[in-house]
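Trainee: Pasting in a structure now, in structure tokens, and then I'll have a few things to ask.
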Amino acid sequence: MKSLWKNKRTRFLALGLLVVRFVIRYGLGVAGLALGAATGQLALGIVMAVIGTAMAWGDQWLILRTLKHTQGAHAATM
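Take 0 as the starting number for the sequence shown in numbering that gives the first Met the number 0 and just add one per residue.
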């Protein structure tokens with residue numbers, strides 16, 4: 000866990016999810032919808048899970064694409 004927090008992207012992902020959570024809660028509060036009910040908390044949890052998964056998938060896709068490109072460029076120079 001300690002090594003994960005040393006990675007800048009992991010910290011960015013965690014902070015991004017936290018910001019998204021507060022923005023969603025604030026937006027729903029402005030719209031007059033309270034998240035006090037269990038249904039509201041469940042909906043927020045599902046939205047956060049989908050966003051977190053999408054962000055992690057995008058991050059991993061970018062890393063793998065970069066590694067493949069770097070490996071291909073390195074093989075071409077040899």
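Where is the CB? At the ideal position from N, CA and C, for every residue including glycine.
All values reported here derive from a predicted model rather than from experimental measurement.
1) In angstroms, rounded to a whole number, what distance separates the CA positions of L41 and L66?
2) Cβ atoms of G51 and L14: under 7 Å apart, would you say?
3) Return the Cβ separation of I94 and V46 in integer angstroms, given the expectation that the two are a contact with Cβ distance under 8 Å.
Mentor: Reading it off the structure:
1) In the sequence shown, counting from the first residue as 1, residue 41 sits at position 42. In the sequence shown, counting from the first residue as 1, residue 66 sits at position 67. Distance between the alpha carbons of L41 and L66 is about 37 Å.
2) What you label residue 14 is simply residue 15 of the sequence shown in a count that begins at 1. What you label residue 51 is simply residue 52 of the sequence shown in a count that begins at 1. No, the pair does not count as a contact, with Cβ atoms beyond the cut-off.
3) The structure shown does not extend to residue 94, since the chain spans only 0 to 77, so no value can be given for it.
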